[in-house]
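Asks:
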Amino acid sequence: MRPIQNDDGNGTSNAAKADLRERTIIKTSVIGILANVALAAFKAVIGLMTNSIAILLDAVNNISDAGSSIITIIGTKLANREADKKHPFGYRRIEYMSAIIIAVIVLYAGITALTESVKKIITPDIPEYSILPLAILTVAVIVKILLGRYVKSVGVRVNSDSLINSGEDATLDSIISASTVVAAVIFITCNISLEAWLGAVISLVIIRSGVEMIRETVSKLLGERNDPELARAIRKTVTDFPDVRGAYDLVLNNYGPDVWSGSIHIEVPDTFSADRLDRLIREIQNKVYKEHQVILTAIGVYSINTQDAVSIETEKKVREIVFANKYIRELHGFYLTKETNTMRFDIVVSFDADDRRAVFREVTDAVREVFPEYNLQVTMDTDFSEE
21 MRPIQNDDGN
31 GTSNAAKADL
41 RERTIIKTSV
51 IGILANVALA
61 AFKAVIGLMT
71 NSIAILLDAV
81 NNISDAGSSI
91 ITIIGTKLAN
101 READKKHPFG
111 YRRIEYMSAI
121 IIAVIVLYAG
131 ITALTESVKK
141 IITPDIPEYS
151 ILPLAILTVA
161 VIVKILLGRY
171 VKSVGVRVNS
181 DSLINSGEDA
191 TLDSIISAST
201 VVAAVIFITC
211 NISLEAWLGA
221 VISLVIIRSG
231 VEMIRETVSK
241 LLGERNDPEL
251 ARAIRKTVTD
261 FPDVRGAYDL
271 VLNNYGPDVW
281 SGSIHIEVPD
291 TFSADRLDRL
301 IREIQNKVYK
311 EHQVILTAIG
321 VYSINTQDAV
331 SIETEKKVRE
341 IVFANKYIRE
351 LHGFYLTKET
361 NTMRFDIVVS
371 FDADDRRAVF
381 REVTDAVREV
391 FPEYNLQVTM
401 DTDFSEE
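312 is the number that my numbering gives to position 292 of the sequence shown; each next residue is one higher, with no gaps.
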């Protein structure tokens, strides 16, 4: 892997940016802890005063939110450890692990709340509401809405899944609390108690939220497709070099929020010398890192026939044959070697095809039928950012 540069071209060092991100996450998490502890205390008092299981469950959920913020702080601290011999790519993926822990806490809180709600459905209690507790609870709803928006916006800005999960959970809590107020109003006006049933609905919503958080974070740990926008931007940066005729086979590997490395192939004329190619590759690596903060650990090379008219015309004919199939997204790396009668190229078959291998064989056979005199070396590639 190339050494990480000291700055991003704007005078900001990578270490300074990481420190600023860490301080921002910790500051936001501390605000979340203080707000959730205060809200939990208010709701616990109101729940006991009104004998409301839904409000008490809401208070417990606020405590779990405070715990989530503590986990976010710990995870962020651990994730910012320097790379070492055992983990040369660093520890940033710990943030994904902390996001999973938060999701598990949310899921556990939902299951526990559902259990308590079912008990109350079987053995109901009659709530006792008054105007003051409900007014305080309404204020708590407003605070939670503002807290959720703030935490999530910061999470998006600094690319922290833990903060985003916490912010979404806070927004969900505000909706749940608002529904509790509605249930109280219904009881006061119609003398119909919906507390236990509302608690069950709240629990199911919390459980669903926890499952979705786990699924999304596990998906990132398993490895998702390239971000299409980032992939397009990197390809554009690479192909903006006058000597680069095309950029293909981009693979990006994520080692935590904002930590990317990858590889790409470029097409260049077959007249390039080794020293010229070496300079070009280094320039591409530097520019991609400066503009996108992605470390290209490897840049492969496809040479293009530029000296032989027959080879150029053959490539045009091959492209016509290949792109006649609607599932072909790309052809690259074409090169014709007359000395060995060898024709090589790579094709990208869309994931929309029912059987990508069958499409590959069909296209290859079509080319072989038109050019039987050549030995074909065809590779089926994958577009890792296909939308």
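Cβ atoms here follow ideal geometry from the backbone N, Cα and C, with glycine treated the same way. Model, not experiment: these values are computed from the prediction.
How many angstroms separate the CA atom of glycine 31 from the CA atom of isoleucine 304?
Replies: Bear in mind that the predicted position of glycine 31 carries a pLDDT of just 44, short of 50, making it too unreliable to give a figure here.
Asks: Starting from proline 289 and walking both ways along the beta strand (DSSP E), at which residues does that stretch end?
Replies: Looking at the DSSP string, the run of the beta strand (DSSP E) that includes proline 289 is 280-289.
Asks: Is it true that the CB of threonine 96 sits closer than 7 Å to the CB of isoleucine 45?
Replies: Cβ distance < 7 Å, so isoleucine 45 and threonine 96 count as in contact.
Asks: Helix, strand or coil, according to DSSP, for aspartate 403 in the structure here?
Replies: Reduced to three states, the DSSP call for aspartate 403 is coil.
Asks: So, under 8 Å CB-CB, valine 258 and isoleucine 286 are touching, yes? Tell me the CB distance rounded to an integer number of Å.
Replies: Rounded, the Cβ-Cβ distance is 6 Å, consistent with contact.
Asks: Bridge partners of valine 314, per DSSP?
Replies: Valine 314 is bridged to Trp280.
Asks: Can you give me the Cβ contacts of aspartate 28 inside the same chain, cut-off strictly under 8 Å, excluding the 5 residues immediately before and after it?
Replies: With a pLDDT of 49 at aspartate 28, under the threshold of 50, the modelled position of this residue cannot be trusted; read the value that follows with caution. Excluding residues within five positions, the ones whose Cβ falls inside 8 Å are Asn34, Lys37, Lys310, Gln313.
Asks: Mark glycine 230 as exposed unless 16 or more other C-beta atoms lie within 10 angstroms of its C-beta, in which case mark it buried.
Replies: It counts as buried.
Asks: Of the choices Phe391, Asp385, Ile348, whose alpha-carbon is the least far from that of aspartate 2?
Replies: Residue 2 is absent from the model: the chain starts at 21 and stops at 407.
Asks: On the CB-based measure, 16 or more other CB atoms within 10 Å of its CB, does valine 176 come out buried or exposed?
Replies: Looking at its Cβ environment, which holds fewer than 16 other Cβ atoms inside 10 Å, valine 176 is exposed.
Asks: From Ser84, Ile206, Ala216, pick the residue whose C-alpha is nearest to that of serine 137; which is it?
Replies: Ranking Ser84, Ile206, Ala216 by Cα distance to serine 137 puts Ala216 first.
Asks: Would you list the one or two residues that DSSP bridges to asparagine 408?
Replies: The question about residue 408 has no answer here: the residues shown for the chain are numbered 21 through 407.
Asks: Would you kindly check if the distance between the Cβ of methionine 400 and the Cβ of phenylalanine 380 is under 7 Å?
Replies: Contact flag set, yes.
Asks: Give the DSSP-derived three-state secondary structure of tyrosine 355 in the structure shown.
Replies: Note: tyrosine 355 maps to strand in three-state DSSP.
Asks: Taking the straight line between their C-alpha atoms, what separation do you get for tyrosine 128 and isoleucine 227?
Replies: Distance between the alpha carbons of tyrosine 128 and isoleucine 227 is about 8 Å.
Asks: Going by CA-CA distance only, name the one from Asn100, Pro108, Ile125, Asp104 that's closest to glutamate 115.
Replies: Selected option, being the one with the closest Cα: Asn100.
Asks: What residues match up with serine 422 in a beta bridge as DSSP calls it?
Replies: Any property of residue 422 remains undetermined from this structure, which presents the chain solely from 21 to 407.
Asks: Please state whether DSSP places valine 264 in a helix, a strand or coil.
Replies: In the structure shown, valine 264 sits in coil (DSSP, three-state: anything other than H, G, I, E or B).
Asks: Glutamate 350 by DSSP, collapsed to three states: which one?
Replies: Looking at glutamate 350 - three-state DSSP - the assignment turns out to be strand.
Asks: Rounding to the nearest angstrom, what Cα-Cα distance links aspartate 328 and glutamate 335 in this structure?
Replies: Distance between the alpha carbons of aspartate 328 and glutamate 335 is about 11 Å.
Asks: Considering only the beta carbon of each residue, do valine 57 and alanine 86 sit closer than 7 Å?
Replies: Taking 7 Å as the Cβ cut-off, valine 57 and alanine 86 qualify as a contacting pair.
Asks: Among Thr326, Ser323, Arg302, which has the Cα closest to the Cα of threonine 6?
Replies: Residue 6 falls outside the range modelled here, since the chain spans only 21 to 407, and no answer is possible.
Asks: Between the alpha carbons of phenylalanine 207 and leucine 157, how many angstroms are there, rounded?
Replies: Those two C-alpha atoms are separated by around 16 Å.
Asks: Within 10 Å of its beta-carbon, does aspartate 39 have 16 or more other beta-carbons around it, so buried, or fewer, so exposed?
Replies: Exposed.
Asks: In chain order, which alpha helix (DSSP H) runs of at least 4 residues are fully inside the segment 139-224?
Replies: Fully enclosed alpha helix (DSSP H) runs of 4 or longer: 151-178, 181-210.
Asks: Report the residue from Pro277, Phe371, Glu333, Leu224 whose alpha carbon sits nearest the alpha carbon of glycine 110.
Replies: When only C-alpha atoms are compared, the closest one is Pro277.
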